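Student: Sharing a structure with you now.
Residue numbers (our numbering), protein chains in the order written: chain A, 8 to 273; chain B, 8 to 273; chain C, 8 to 273.
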């Protein structure tokens, strides 16, 4: 994949400043709001069933994150999701903790069946769980998956029609046919709360920039990873790293993606 | 408006350390809690219908922020609001996103009809929406209002009996008769999530210091703006700016308002 | 109490990396997630009644924090609590604001009656309220208790069978028979939102390291206090202090507890 393409996507995203409607958890929601702003989009969080259809109608993307799912919130996710599908607004699903409890697995699976999800972004355990090939999740942390990661991701993409994005030391992005590996990032990103959720917010922001969701997802992960690499050298500990990571996302210019993205097509 | 008056309000606020009861959104709630502490008040967040009347009875001000409103939360806002009115506890309404969805507009309008709201704090799109003169809101961002901002604010103040506070490059504070412009602040404040909510929390804290709500609102905005000006020079990016902004609010002394507040009466 | 014991508890905690299941407030939840990670445990927040029994089954500890309690959340706390008791997972109760409203006092009291709570962690007003000896709470801040603090804590421990942990200038930890005073900490910790909640999260993380809950609670408070002492010298204001406090928790090594913990047995 040409890094010039990724660079162009950041330029388009900043020009459009899309509204990214989140229905998300209350743990990392502030991080998601800020990082969405810093990449150049406009975040909004809204989950009342009375308003989610109206809100998603204004949006360039819908992020569904089940990190602290509750029954009423899940109902709103379906209302917003159906409206998004009707309008062609891309949906990003972050199945946080799928595999850890039956409820999370069941809700995420039902979303994949009843909604047209455009991007699934999870860790190895979550992706393995949803693919049905085996994944282990403890709380919200992956403890691994069964089988070859790329094959599992491709399989889930084939079955669901979604682009599958699996975070890890190297990230996998695939629509089943085209598979891209993103190698940007830093180990410090795994030491703080919220980086998985932030990556999904960024995937949402970029998804509003083009219909090529493999490219937009790769751009989101590369951008986040580059920011992480730059922040790592400047931090005293993980919490100041988190602050620097945010600032480095805000400091990114399109040219950074052209020069520093490390992506390769399998 | 004499800046010595604003200075005196900060002194009184710190002396009283009022409890500021928030029923607010889950995106910026932590920012609101911290900034309320740093200005010298005591924040509490409570929204169960079983306890809001008890909690507001202890409070010096009630902040109602509809940033992530839900039906049950709205019910609690009305219970708390009626109790506040009964006890004379001032209510600050932040109609976040009014105009973006019918539900938000309807809830905010219903509050203005059924409760005695003392201060309405919003952006141009929200204020224009509530005034009925025309406002455009996308998500939680203003995309402008129809008509002359000062006239619209005065009109809304006349109809509701509230002091209207409109944030912007220059902030407007009016009770319909007296109108004050606050010119403190920095463009960086618009680049991070939560500054609108934080301003409402500060307006709540100051509202407990005097019944002159034009003066207390101007003091809140001037204090916040001065802190923003000081933070801007020290930050690497928007997230470190956010951290410095918090510290600068905590570092304010009454004398800062006397010297650095830029307020003028129209 | 031998500080070598505390040191050993941090070593065990980091080796085990227990999952700490939180059902907690939405104000400080992100702080709790990050500090749980930084001490070396794995946080998860989950409150849907459909999943809390499953989630707590994976956990090394359950933290129940009533800071923004709602009826449905309280129901889930009881479901999770009963399951935790069945499985022998230790429960930490933080009765935030008990004494400020009847609802908080009633819910916290009901938990003490119907669940086997292993650790109660509160401020003087909250502990005095639950002990029935008299405590005054305004919002979430203690305004003091009636009687001798150590005697009140011992009494509450005797009645409930829980280890009682009372935060203050010096912290008290007692199971009714053995009483330990922890003298680490810094006044800055009282100037920011969330330190009480963070202490409870740390108490949860350490509770998964040993069944000696007096020792684990003392270790949690000493560790947090040492981090606070180190952060205080490096901060410009309270919000940058908060960031440094987080980093200093992450930087702790077991040896720090052996050398710097200031604990004494009464």
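Ideal Cβ positions, reconstructed from N, Cα and C, are used throughout, including at glycine. As the structure is a computational prediction, the values presented were derived from the model and not from experiment.
Just how far apart, CA to CA, sit residue 51 of chain B and residue 150 of chain C?
Tutor: Counting from 1 along the second chain, the entry for residue 51 of chain B is found at position 44. Counting from 1 along the third chain, the entry for residue 150 of chain C is found at position 143. If I take the Cα positions, the gap works out to 14 Å.
Student: Identify every run of the alpha helix (DSSP H) within the segment 61 to 122 of chain C, keeping only runs that are complete inside it and at least 4 residues long; order them along the chain.
Tutor: 78 to 94, 109 to 121, all fully within the segment 61 to 122 of chain C.
Student: Would you call the CB atoms of residue 245 of chain C and residue 14 of chain C closer than 8 Å?
Tutor: The count along the third chain starts at 1 and reaches residue 245 of chain C at position 238. The count along the third chain starts at 1 and reaches residue 14 of chain C at position 7. Not closer than 8 Å, so no.
Student: Do you know offhand how far residue 62 of chain A's Cα is from residue 92 of chain A's?
Tutor: As a working mapping, residue 62 of chain A is identified with position 55 in the first chain. As a working mapping, residue 92 of chain A is identified with position 85 in the first chain. Approximately 14 Å, taken between the alpha carbons.
Student: In whole angstroms, give me the CA-to-CA distance for residue 251 of chain A and residue 201 of chain B.
Tutor: Here residue 251 of chain A corresponds to residue number 244 of the first chain, with the count starting at 1. Here residue 201 of chain B corresponds to residue number 194 of the second chain, with the count starting at 1. Spanning the two alpha carbons is a distance of roughly 19 Å.
Student: Hey, how far is the Cα of residue 17 of chain C from the Cα of residue 226 of chain C?
Tutor: By one-based count along the third chain, residue 17 of chain C stands at place 10. By one-based count along the third chain, residue 226 of chain C stands at place 219. Roughly 8 Å between the two C-alpha positions.
Student: Please state the DSSP three-state secondary structure of residue 262 of chain A.
Tutor: Indexing the first chain from 1 puts residue 262 of chain A at position 255. Three-state result, residue 262 of chain A: helix.
Student: Taking residue 159 of chain B as the reference, give the member of B/138, B/144, B/143 with the closest Cα.
Tutor: Within the second chain, residue 159 of chain B is the residue found at index 152, counting from 1. Closest option to residue 159 of chain B, Cα to Cα, is B/138.
Student: Name, please, each residue of chain C whose Cβ falls closer than 9 Å to the Cβ of residue 37 of chain B.
Tutor: Within the second chain, the letter at position 30 stands for residue 37 of chain B. By Cβ distance, chain C contributes 33, 34, 35, 36, 37, 38, 200, 201.
Student: Whole angstroms are fine: how far does the CA of residue 36 of chain C sit from the CA of residue 35 of chain A?
Tutor: The residue given as residue 35 of chain A occupies position 28 in the first chain. The residue given as residue 36 of chain C occupies position 29 in the third chain. So the alpha carbons of these two residues sit roughly 8 Å apart.
Student: I'd like to confirm the pairing. Which residues does DSSP put opposite residue 134 of chain C in its beta bridges?
Tutor: The residue you call residue 134 of chain C lines up with position 127 of the third chain. Residue 134 of chain C is not bridged to any residue.
Student: Quick check on residue 101 of chain B - is its C-beta less than 8 Å from some C-beta in chain A?
Tutor: Within the second chain, residue 101 of chain B is the residue found at index 94, counting from 1. Not an interface residue.
Student: Per DSSP, what are the beta-bridge partners of residue 199 of chain C in this structure?
Tutor: One-based indexing of the third chain puts residue 199 of chain C at position 192. In DSSP, residue 199 of chain C forms no bridge with anything.
Student: Would residue 26 of chain C pass as an interface residue toward chain E - the criterion being a Cβ-Cβ separation below 8 Å?
Tutor: This model lacks chain E altogether; the protein chains it does include are A, B and C.
Student: Closest Cβ-Cβ distance between residue 51 of chain C and chain A: below 8 Å?
Tutor: Here residue 51 of chain C is taken as the residue at index 44 of the third chain, counted from 1. Answer yes: the Cβ-Cβ gap between residue 51 of chain C and chain A drops below 8 Å somewhere.
Student: Who are the near neighbours of residue 21 of chain B in its chain, counting only those whose CB is closer than 7 Å to its CB and skipping five residues on each side?
Tutor: Stepping through the second chain from its first residue, residue 21 of chain B is reached at position 14. The residues are 47.
Student: Roughly how many angstroms lie between the CA atoms of residue 155 of chain C and residue 128 of chain C, to the nearest whole one?
Tutor: As a first step, residue 155 of chain C must be located in the third chain, where it is residue number 148. As a first step, residue 128 of chain C must be located in the third chain, where it is residue number 121. Roughly 17 Å between the two C-alpha positions.
Student: Taking 8 Å as the CB-CB cut-off, is residue 45 of chain A touching chain B?
Tutor: Your numbering for residue 45 of chain A matches position 38 in the first chain. Judged by the 8 Å Cβ criterion, residue 45 of chain A is in contact with chain B.
Student: Let me check one thing: in DSSP terms, what residues is residue 26 of chain B bridge-paired to?
Tutor: For the purposes of this step, residue 26 of chain B is taken as residue 19 along the second chain, with counting starting at 1. Answer is B/49.
Student: Can you give the beta carbon distance from residue 58 of chain A to residue 111 of chain B, rounded, assuming they're within the 8 Å contact cut?
Tutor: Against the first chain, residue 58 of chain A aligns to sequence position 51. Against the second chain, residue 111 of chain B aligns to sequence position 104. Correct: roughly 6 Å between the Cβ atoms.
Student: To which residues of the same chain is residue 238 of chain C closer than 7 Å at the C-beta, ignoring the five residues directly before and after it?
Tutor: For the purposes of this step, residue 238 of chain C is taken as residue 231 along the third chain, with counting starting at 1. Closer than 7 Å at the Cβ level, and outside the excluded window around residue 238 of chain C, lie 248, 251, 252, 255.
Student: Under 8 Å, CB to CB, which of the residues in the segment 71 to 105 of chain A have a partner in chain C?
Tutor: Answer set for the segment 71 to 105 of chain A: 74, 75, 76, 77, 78, 104.
Student: Between residue 136 of chain A and the rest of its own chain, which residues show a CB-CB distance below 7 Å, the 5 nearest in sequence each way excluded?
Tutor: One-based indexing of the first chain puts residue 136 of chain A at position 129. Correct list, in chain order: 105, 106, 112, 142, 144.
Student: May I have the straight-line CA-CA distance separating residue 24 of chain B from residue 53 of chain B, to the nearest angstrom?
Tutor: Numbered from 1 along the second chain, position 17 holds the residue referred to as residue 24 of chain B. Numbered from 1 along the second chain, position 46 holds the residue referred to as residue 53 of chain B. The alpha-carbon atoms of residue 24 of chain B and residue 53 of chain B are separated by roughly 18 Å.
Student: For the beta strand (DSSP E) containing residue 150 of chain C, list its first residue and its last residue.
Tutor: Within the third chain, the letter at position 143 stands for residue 150 of chain C. Taken as a continuous stretch (DSSP letters only), the beta strand (DSSP E) holding residue 150 of chain C covers 148 to 152.
Student: Report yes or no: do the segment 65 to 73 of chain A and the segment 81 to 99 of chain A share at least 3 C-beta pairs separated by less than 8 Å?
Tutor: Yes, the segment 65 to 73 of chain A touches the segment 81 to 99 of chain A.
Student: Which residue marks the beginning of the beta strand (DSSP E) containing residue 157 of chain C, and which one marks its end?
Tutor: As a working mapping, residue 157 of chain C is identified with position 150 in the third chain. Premise fails: residue 157 of chain C lies in the alpha helix (DSSP H), 156 to 167, not in any beta strand (DSSP E).
Student: If I measure Cβ to Cβ from residue 45 of chain C and keep anything under 7 Å in the same chain, skipping five residues before and after, which residues do I get?
Tutor: Here residue 45 of chain C refers to the residue found at position 38 of the third chain. Counting only Cβ-Cβ distances below 7 Å, and skipping sequence neighbours, we find 253, 256, 257.
Student: Are the C-beta of residue 15 of chain C and some C-beta of chain A separated by less than 8 Å?
Tutor: Counted from its first residue, the third chain places residue 15 of chain C at position 8. No, its Cβ sits nowhere closer than 8 Å to a Cβ of chain A.
Student: Anything in the segment 111 to 131 of chain B with a Cβ closer than 7 Å to a Cβ of chain A? List those residues in chain order, please.
Tutor: Correct list: 111.
Student: I'd like to check one pair, residue 272 of chain C with residue 8 of chain C: are the Cβ atoms closer than 8 Å?
Tutor: Counting from 1 along the third chain, the entry for residue 8 of chain C is found at position 1. Counting from 1 along the third chain, the entry for residue 272 of chain C is found at position 265. Yes, the Cβ-Cβ distance between residue 8 of chain C and residue 272 of chain C is below 8 Å.
Student: Have a look at residue 19 of chain B and residue 12 of chain B and give me their C-alpha separation to the nearest angstrom.
Tutor: Along the second chain, one-based indexing puts residue 19 of chain B at 12. Along the second chain, one-based indexing puts residue 12 of chain B at 5. Cα to Cα, the separation comes out at about 11 Å.
Student: Can you name the residues that DSSP bridges to residue 179 of chain B?
Tutor: Counting from one through the second chain, the residue named residue 179 of chain B turns up at place 172. The partner list for residue 179 of chain B (beta bridge, DSSP) reads B/173, B/188.
Student: With 16 other CB atoms within 10 Å as the buried threshold, where does residue 117 of chain C fall?
Tutor: The residue given as residue 117 of chain C occupies position 110 in the third chain. It is exposed - the Cβ of residue 117 of chain C has fewer than 16 other Cβ atoms within 10 Å.
Student: Quick one: which chain C residues come within Cβ less than 7 Å of residue 65 of chain B?
Tutor: Sequence index remark: in the second chain, residue 65 of chain B carries index 58 (1-based). By Cβ distance, chain C contributes 107, 145, 146.
Student: Taking C-beta to C-beta, are residue 76 of chain C and residue 114 of chain C nearer than 8 Å?
Tutor: As a working mapping, residue 76 of chain C is identified with position 69 in the third chain. As a working mapping, residue 114 of chain C is identified with position 107 in the third chain. Their beta carbons are under 8 Å apart, which means residue 76 of chain C touches residue 114 of chain C by this criterion.
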